[in-house]
Amino acid sequence: MSARKIDGKAAAAAVREAVAGHVSAFAQRLGRPPGLATVLVGEDPASAVYVRMKNRATAEAGMAGFAHNLPAATSEADLLQLVTDLNADERVDGILVQLPLPAQIDATRVIETIEPGKDVDGFHPMNAGRLATGLPSLVPCTPFGCLHLLKAELGTLAGLDAVVIGRSNIVGKPMAQLLIGESATVTVAHSKTQDLPAVCRRADLLFAAVGRAEMIKGDWVRPGATVIDVGINRIPGTGGKSRIVGDVAYAEAAERAGAITPVPGGVGPMTIACLLVNTVRAACAAHGLPAPRV
Ligand code: NAP
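According to my numbering, the sequence shown is numbered sequentially starting from 719.
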């Protein structure tokens, strides 16, 4: 069997087009577009690339962007003050503080300072708790994007066996919550899980969010399963260059899967598209408007 490649780029383009429509409707009604503030502290090259892509996507969707690039030596107090100012800024509907932060700053304290209604990353404990209890919330962008791809691929997920490898607050745990909400039967695996290959072979839906290049081998994949690869790993390529691979050994997994996301071009583009969805939803919620459907 050769798996269907799930085209995250095309799915993300469709979401971004829909968002642009909602942005323009919001702007007509409110006299200003939804606004997203991004905060980058330091010069980590990967973080800088991600934030640039997010700022570009914000502008392309017709939203207002407020980019704050702070030096690596920024104190926690100064960053908390900026977040507090953005909370109060009526032009700003969403706030994204790019992680990781320099060692002198406690990321938890920063996340907890963001107004939950502007927490477009969905990391605030209020949003995590609302997601866990099945209440409407701002959902972390990567799992939100994965769910979108899955539902487009499969329709209903009810009764399917899902295995999520990874239990981080930003990917694994919210992914599991979303899948429970869709009535899948969910197993969350992590570094202490015993016989991970056998656990994976049970999965109708297999999610890899580990951060280890090509760790999930082809024979871990149940024939016909849908595989969503969240991993982004840089490995040495040819000619002294590097290349990006996922957590799944793509070629061998594609021999057995029914459908699979590539890396790059799978989950990554959806993460940014879902950030835009969250921003327009946050803007609408703040003004008592119904949540736009995307
Ligand atoms: P993380 O916080 O480092 O969490 C990794 C998880 O993998 C942990 O729960 C860890 O288990 C588990 N793990 C590590 N080694 C394992 C092993 N040998 N067997 C089973 N589980 C193992 O990472 P993250 O932030 O969730 O990100 C995961 C990956 O997704 C990274 O490659 C990251 O770059 C990528 N990512 C991509 C996007 C996107 O837009 N595509 C967005 C976010 C993240 P323990 O909890 O037991 O330590």
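Cβ atoms here follow ideal geometry from the backbone N, Cα and C, with glycine treated the same way. All values derive from a computational prediction rather than experimental measurement.
My guess is that residue i and residue j are in contact by the Cβ rule of under 8 Å, so how many angstroms apart are they, rounded?
i	j	result
P892	V928	So it is not a contact: roughly 16 Å between Cβ atoms.
T860	I888	7 Å
G726	G884	In fact, because the Cβ distance is near 18 Å, the residues do not count as touching under 8 Å.
A870	A729	6 Å
E778	D824	Not really, about 33 Å apart at Cβ, beyond 8 Å.
Is it true that the CB of residue j sits closer than 7 Å to the CB of residue i?
i	j	result
A913	A926	Ala is not the amino acid found at residue 913; the sequence shown has Asp there. For D913 and A926, no; Cβs fall outside 7 Å.
V906	V737	no
G868	V838	The question names Gly, but residue 868 is Leu in the sequence shown. Not in contact: L868 and V838 (Cβ atoms no closer than 7 Å).
P820	A790	yes
I962	K772	no
D811	L878	no
A967	G936	yes
A971	I953	no
I724	A1004	no
P1010	R974	no
T756	A775	no
S742	G780	yes
R686	G753	The displayed coordinates of the chain run from 719 to 1012. Any statement about residue 686 would go beyond what the structure contains.
V881	V917	yes
D965	M933	yes
N805	E833	yes
Q822	S765	no
E900	L875	yes
G863	C992	yes
V1012	V767	no
Run through DSSP, which three-state label would residue i get?
i	result
N773	helix
G926	Reading off the sequence, residue 926 comes out as Ala, not Gly. Three-state DSSP puts A926 in a strand.
G936	helix
P954	strand
I832	coil
V801	helix
I990	helix
T851	coil
I898	helix
D796	helix
V966	strand
E973	helix
P1036	The structure shown has nothing for residue 1036, since the chain only spans 719 to 1012.
G890	helix
K713	This structure cannot settle anything about residue 713, because the visible part of the chain is limited to 719 through 1012.
P843	helix
Q822	coil
E735	helix
T874	coil
A1009	coil
A931	coil
R885	coil
V857	coil
P941	coil
G863	helix
Can you tell me which residues form a DSSP beta bridge with residue i?
i	result
N787	L758
P961	For clarity, residue 961 is Arg in the given sequence; the question names Pro instead. Beta-bridge pairing links R961 to I953.
K723	I978
L814	T756
A880	V904 and L923
I946	F925
D837	I813
A782	G753
Counting only beta-carbon separations shorter than 7 Å, does residue i have a partner in chain D?
i	result
I832	The structure shown contains no chain D, having only a single protein chain.
The segment 932-952 / the segment 978-997 touching (three or more Cβ pairs under 8 Å): yes
Touch test, the segment 756-774 against the segment 787-807, Cβ-Cβ under 8 Å, three pairs minimum: yes
The segment 997-1009 contacting the segment 893-905, beta-carbon criterion three pairs below 8 Å: no
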